[in-house]
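Chains as they are written, first to last, in full-length UniProt numbering: chain V, 1 to 461; chain E, 1 to 461; chain F, 1 to 461.
Okay, so here's the structure we're looking at.
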Amino acid sequence: MNKNSSNIMALTPNTSNKRETVCIFGTGDFGRALGHKMIQSGYPVVYGSRSTQISNLIPKDAEVLSHAEAAQKAAIIIIAIQRQHYNFLIPLAEILHGKVLVDISNNLKLNQYPESNAEYLAQLLPGSRVVKAFNTVSAWALQSGTLDASRQVFVCGDDVEAKQMVMNIVRALGLTPLDKGSLLAAQEIENYPLQLFPMWKFPIFLSLGLTAFFFFYCLALDVIYTYIYEKKNFSFFIAITIPNRVCPVMALILLALVYLPGIFAAIIQLYRGTKYRRFPDWLDKWMLCRKQLGLIALAFASLHVVFSLVSPMRAFVSWRTGKGIISQALNNKTEPLNNTNAWISDSYLALGILGFFLFVLLGITSLPSVSNNVNWREFRFVQSKLGYLALILCTAHTLVYGGKWFLSPSAYKWYLPNIYMLSLVVPCAVLVVKFVLIFPCVDRPLTQIRQGWERNPKHSE
Amino acid sequence: MNKNSSNIMALTPNTSNKRETVCIFGTGDFGRALGHKMIQSGYPVVYGSRSTQISNLIPKDAEVLSHAEAAQKAAIIIIAIQRQHYNFLIPLAEILHGKVLVDISNNLKLNQYPESNAEYLAQLLPGSRVVKAFNTVSAWALQSGTLDASRQVFVCGDDVEAKQMVMNIVRALGLTPLDKGSLLAAQEIENYPLQLFPMWKFPIFLSLGLTAFFFFYCLALDVIYTYIYEKKNFSFFIAITIPNRVCPVMALILLALVYLPGIFAAIIQLYRGTKYRRFPDWLDKWMLCRKQLGLIALAFASLHVVFSLVSPMRAFVSWRTGKGIISQALNNKTEPLNNTNAWISDSYLALGILGFFLFVLLGITSLPSVSNNVNWREFRFVQSKLGYLALILCTAHTLVYGGKWFLSPSAYKWYLPNIYMLSLVVPCAVLVVKFVLIFPCVDRPLTQIRQGWERNPKHSE
Amino acid sequence: MNKNSSNIMALTPNTSNKRETVCIFGTGDFGRALGHKMIQSGYPVVYGSRSTQISNLIPKDAEVLSHAEAAQKAAIIIIAIQRQHYNFLIPLAEILHGKVLVDISNNLKLNQYPESNAEYLAQLLPGSRVVKAFNTVSAWALQSGTLDASRQVFVCGDDVEAKQMVMNIVRALGLTPLDKGSLLAAQEIENYPLQLFPMWKFPIFLSLGLTAFFFFYCLALDVIYTYIYEKKNFSFFIAITIPNRVCPVMALILLALVYLPGIFAAIIQLYRGTKYRRFPDWLDKWMLCRKQLGLIALAFASLHVVFSLVSPMRAFVSWRTGKGIISQALNNKTEPLNNTNAWISDSYLALGILGFFLFVLLGITSLPSVSNNVNWREFRFVQSKLGYLALILCTAHTLVYGGKWFLSPSAYKWYLPNIYMLSLVVPCAVLVVKFVLIFPCVDRPLTQIRQGWERNPKHSE
């Protein structure tokens with residue numbers, strides 16, 4: 001009680017006398033952890049176990065009985081045993097009739113069985129009222145009270161009253177129940193704790209691969225080439241200079257890759273003349289991870305901003321600045337302000353700032369709580385209109401900054417192009433094709449197709 | 001099925017055999033898109049159509065029957081036809097009796113009809129159980145699977161069981177149902193997709209107008225005046241220097257405008273001696289868009305921060321710095337550190353940083369998910385106490401930075417004040433009046449009034 | 001009506017004729033404010049009052065009757081009176097039988113009474129259907145329409161139908177009802193508006209204390225020492241230099257304090273050989289405020305970043321830079337690039353940037369809407385793996401930056417260590433112990449213990 005009272009978030013009514021007895025089948029780790037927590041919250045707990053001999057591991061205020069006896073004592077029975085052993089419940093069907101059975105099991109793999117564990121349990125015991133709950137809570141977190149992430153407990157079940165009873169227990173334990181509907185949702189709930197950023201895998205591996213490629217490309221051209229041909233040791237470029245070259249390149253390419261699948265989709269639809277045929281699989285997958293690609297692009301862009309902003313604090317930069325000024329002073333002359341240079345430097349900085357600003361705006365609107373508060377029109381406006389504007393600004397930023405490199409022969413060390421040029425290929429292609437697509441003669445049929453019109457109705461048969 | 005399985009977020013149980021037949025009235029774009037999606041998710045779909053002749057556009061696994069025949073085959077009927085044609089359902093009233101009718105319609109204008117479409121449908125067919133759903137989902141998004149924004153499906157209806165059935169379908173399609181209560185909520189749900197940032201319109205137009213004004217004001221004073229009278233071409237100021245003058249001015253003015261209506265409200269209440277009379281309309285509207293004004297102010301402040309931070313990277317700034325150092329070197333002397341300058345420069349930077357920090361904190365607490373997690377006292381503490389502190393710090397930042405301009409005649413080009421001075425008018429006025437309002441002799445009656453006391457009870461009759 | 005229609009978010013159906021009469025017991029401030037709002041939304045309102053003489057304060061469209069008469073006119077009765085006066089309702093028990101009673105009361109202290117007000121009301125009038133609602137809404141906000149924070153109305157009650165009726169009213173007033181379950185939740189709902197950042201108190205006071213200590217420590221060593229022994233006035237260091245020394249120290253120490261309790265917990269579990277015994281109270285409390293500690297650490301880190309980035313704009317820094325360059329120019333020589341310095345400067349900047357980047361990522365995932373969207377495995381991955389990586393990077397950043405100070409005697413002014421050294425104690429200790437804990441010979445038994453194994457089962461008896 002002591003511990004719980006320190007947790008102001010999990011205030012539980014102290015009217016323990018009201019609580020109904022809860023039965024737990026199974027004395028494994030999770031069964032014990034849940035029992036401890038329930039006893040703390042004032043529930044009388046009775047364990048159903050094969051050996052009714054009292055184990056030391058079981059909370060000492062709990063009773064241990066045979067399964068049948070324990071089940072008779074409570075209206076709610078928590079099934080803390082594994083799916084493989086559900087069969088042993090069949091002989092108890094009569095006792096369990098009408099009782100609320102809480103399925104808390106998890107699987108080891110996604111979609112391991114054709115039906116969810118909870119649905120399987122409901123099939124085995126058609127007279128019982130099965131509720132799925134607690135499977136997303138970790139036993140360790142329950143025990144230690146460190147429930148930062150997983151206060152949410154997904155609950156589903158076909159019987160509304162049974163669900164209500166389970167949700168009341170969830171609340172009494174200081175957790176937040178979330179009703180996911182009928183038992184059909186059990187499969188989704190069971191898959192939930194098995195996922196580790198499923199939508200992020202492809203974007204992250206793609207980014208890592210590209211980053212490694214560009215890093216070594218820059219290393220070769222900027223450090224190794226300089227060392228071989230100019231005998232200068234610029235190895236410290238590895239820390240900031242090269243990352244600050246790779247980051248903007250990655251940000252621009254990934255941002256372009258966010259908009260590329262939309263371009264492909266439009267072309268495919270124009271070519272097919274219908275929207276009622278499925279896109280190729282790779283395009284579908286690509287479209288589904290656009291948000292993740294965009295957020296990784298934003299991460300690279302943010303790193304680029306910070307890497308750039310620290311540059312005046314770098315020893316190398318202050319040395320280079322000082323050298324320039326000293327050589328002017330020693331030559332006894334002051335160079336006048338080069339107006340073109342001032343224009344170029346100011347405008348690429350301004351373009352970059354505005355592009356980054358829009359980029360951050362896109363990132364904020366993709367926060368779940370913000371995107372749930374905007375409707376479809378608003379989301380499309382931000383993600384499509386402002387997104388393209390960000391892409392245009394960032395491409396322009398790169399063009400203005402790196403434009404001078406295109407014609408300079410020194411940019412082609414070992415006959416390889418500078419990475420600025422490589423970074424511009426995808427975004428420029430996207431922008432050019434998009435520019436073509438918004439011409440009325442292309443846009444009109446595309447809009448018609450997206451509203452359901454078909455060029456060759458035969459095709460969809 | 002292939003496509004769906006690639007979308008791990010939208011896992012649907014594969015137990016298709018359980019699904020109940022769904023009937024769709026209407027073979028328009030949305031009806032077809034929904035039918036496709038339902039067939040993919042394992043629902044047998046039957047279309048009710050005037051011409052039972054099978055159209056090529058209809059998903060090939062779906063049956064097409066007359067309205068009456070189709071309705072008899074299913075317990076749930078999706079009404080994918082427009083409100084104007086709802087009349088034709090009246091002859092079917094007997095067949096539709098007890099059936100769940102899902103109204104998915106939208107209007108073209110906000111509050112187009114006195115009652116919502118769903119309520120109208122319920123009036124036409126009093127024996128049916130009408131549920132509003134799916135109107136916020138775009139057909140195109142449903143078709144293409146790109147449901148980033150709109151996984152949420154608002155559902156409302158008077159019959160709890162009917163609503164539950166519809167919410168189960170929503171879940172099976174991989175979407176998230178959100179119960180909005182009884183059919184009374186239908187009007188709100190129908191208005192929802194028609195809005196494009198309704199609360200943002202006024203703040204955005206105001207900001208655009210003021211920004212344009214200040215931009216041209218600065219352009220005139222900083223570029224044109226300098227060009228005419230000093231023959232210097234500083235046209236590149238357009239890219240960074242002028243935006244970085246306009247942004248802080250806009251941020252400060254908009255932040256003050258967030259707190260100004262509260263000041264007006266207090267004065268009006270003090271004058272009237274009661275809180276039970278309505279504020280003027282313009283004040284009500286103003287108060288309702290304070291959050292938006294604050295967020296736009298934060299956007300300007302962020303731009304100001306980044307514009308300022310890049311300044312050492314500008315060609316113009318490094319040229320100016322170099323020139324200063326070279327002239328000292330050529331004169332063979334080193335200027336000693338000016339302690340006053342060091343104090344002024346450090347303190348306005350520190351004030352600006354702290355003000356911006358509080359400003360960002362205010363922005364974070366206004367994120368929906370954060371503000372839903374704080375209670376009224378906490379929200380008031382942050383938005384009012386910390387908000388005023390941010391305003392004080394930002395005003396002080398501007399005063400310390402721009403203080404020297406007030407007395408310098410060079411700041412009055414063409415007899416116009418520098419925009420620093422203009423920017424200080426509103427915030428200083430707000431702070432002065434607020435300072436008066438917290439005096440006990442003013443604060444006490446105000447608190448009483450806000451707790452329900454009235455000076456002249458006659459007034460409220 | 002005029003005012004309401006300006007608030008597009010709170011669109012209420014204008015079909016006023018349908019609304020059922022609502023009765024309000026009590027004519028205090030909140031009762032009146034709620035009555036006003038309900039009349040605006042089209043509800044006929046009747047007040048129950050001891051003196052049926054019409055008061056001027058009551059909305060003029062409302063009827064005022066005796067309690068018994070008023071109660072008979074409506075199915076829903078809002079109890080806007082204080083808990084102490086609930087007794088007077090007992091004689092009305094028969095009239096109130098079957099009616100929906102809405103308890104809107106709040107207490108003055110947390111857990112003031114053994115049971116919540118709503119449960120007390122339900123005990124007094126067992127025949128009525130009690131629903132808790134509206135207690136988190138402020139009367140002033142209701143009156144003025146400025147409901148930015150508290151659109152959410154927590155509703156709980158044992159009768160589902162009664163709850164539904166109240167939630168419909170909540171919606172009609174333009175607010176968002178949130179069903180918190182049965183009446184058991186009333187205590188939590190009543191405590192809610194009384195809390196002012198309860199979990200933040202300890203972390204904030206700790207931070208303020210430490211900040212003050214480090215500030216004066218730096219002030220003594222950097223300003224006073226320099227003034228006494230070197231006769232230099234560096235008082236302006238108070239504005240930026242010293243804050244920028246305190247902020248990173250605080251960020252690093254607080255970040256280490258986030259991970260320290262986990263280390264203690266592991267050691268205690270290893271020592272005890274079981275996880276089934278409660279941690280000491282201080283450790284429990286500490287673990288529960290780790291998120292808050294982490295967010296304050298992030299705030300300090302962000303301030304450190306901005307304070308560092310503005311440094312090139314400081315008058316002192318440009319003076320110092322200029323002096324260095326001029327002295328080189330006057331000596332007619334250019335120092336060559338010091339490669340070691342370049343490496344050190346670039347690597348501590350890069351380490352700091354990456355550490356801060358991960359730190360921000362941790363902050364974003366702790367936003368409620370983001371952490372609700374990740375499961376337990378994902379949350380642990382981010383908060384534990386990435387968190388430790390951030391701690392390692394930030395510690396390395398400090399070590400590389402401040403490493404030179406350890407051996408320099410000038411760093412020990414007044415025989416006191418520089419604060420860089422102080423700041424490294426806790427993080428280094430945490431990292432060293434954590435490093436020991438991940439050795440297999442230590443990690444294996446710890447993992448077993450966390451999965452429920454016990455070394456001395458006797459202990460738990």
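Even for Gly, the Cβ is constructed at its ideal location relative to N, Cα and C.
Neighbour flag for residue i against chain F, beta carbons, 8 Å
i                      : result
residue 386 of chain E : no
residue 226 of chain V : no
residue 168 of chain V : yes
residue 61 of chain V  : no
residue 357 of chain E : yes
residue 305 of chain V : no
DSSP state of residue i mapped onto helix, strand, coil
i                      : result
residue 289 of chain F : coil
residue 101 of chain V : strand
residue 30 of chain F  : helix
residue 444 of chain E : helix
residue 16 of chain V  : For residue 16 of chain V, the predicted model reports a pLDDT of 32, less than 50, meaning its position is unreliable and no value from the coordinates is stated.
residue 258 of chain F : helix
residue 132 of chain F : strand
residue 63 of chain V  : strand
residue 113 of chain F : coil
residue 433 of chain V : helix
residue 22 of chain V  : strand
residue 451 of chain F : coil
Proximity test, Cβ basis, 8 Å: residue i and chain V
i                      : result
residue 103 of chain E : no
residue 233 of chain E : yes
residue 398 of chain E : no
residue 346 of chain F : yes
residue 342 of chain F : yes
residue 116 of chain E : no
Minimum Cβ-Cβ distance from residue i to chain E less than 8 Å
i                      : result
residue 370 of chain V : yes
residue 199 of chain F : no
residue 192 of chain F : yes
residue 339 of chain V : yes
residue 322 of chain F : yes
residue 390 of chain V : no
residue 381 of chain V : yes
Buried/exposed call for residue i, threshold 16 Cβ in 10 Å
i                      : result
residue 443 of chain V : exposed
residue 333 of chain F : exposed
residue 131 of chain E : buried
residue 391 of chain V : buried
Nearest-angstrom beta carbon gap, residue j and residue i [assumed within contact, 8 Å]
i                      : j                      : result
residue 245 of chain E : residue 218 of chain E : 5 Å
residue 265 of chain E : residue 279 of chain E : 6 Å
residue 373 of chain E : residue 368 of chain F : 5 Å
| query | Can you give, in chain order, each stretch of the alpha helix (DSSP H) that sits fully within the stretch 320-403 of chain E and has at least 4 residues? | reply | Within the stretch 320-403 of chain E, the complete alpha helix (DSSP H) runs of at least 4 residues fall at 339-365, 368-371, 376-380.
| task | Just list the beta strand (DSSP E) runs in the stretch 160-203 of chain V, keeping only unbroken ones of 3 residues or longer that don't cross its boundaries, in chain order. | result | Counting whole runs of 3 or more residues, the stretch 160-203 of chain V contains the beta strand (DSSP E) stretches 176-179.
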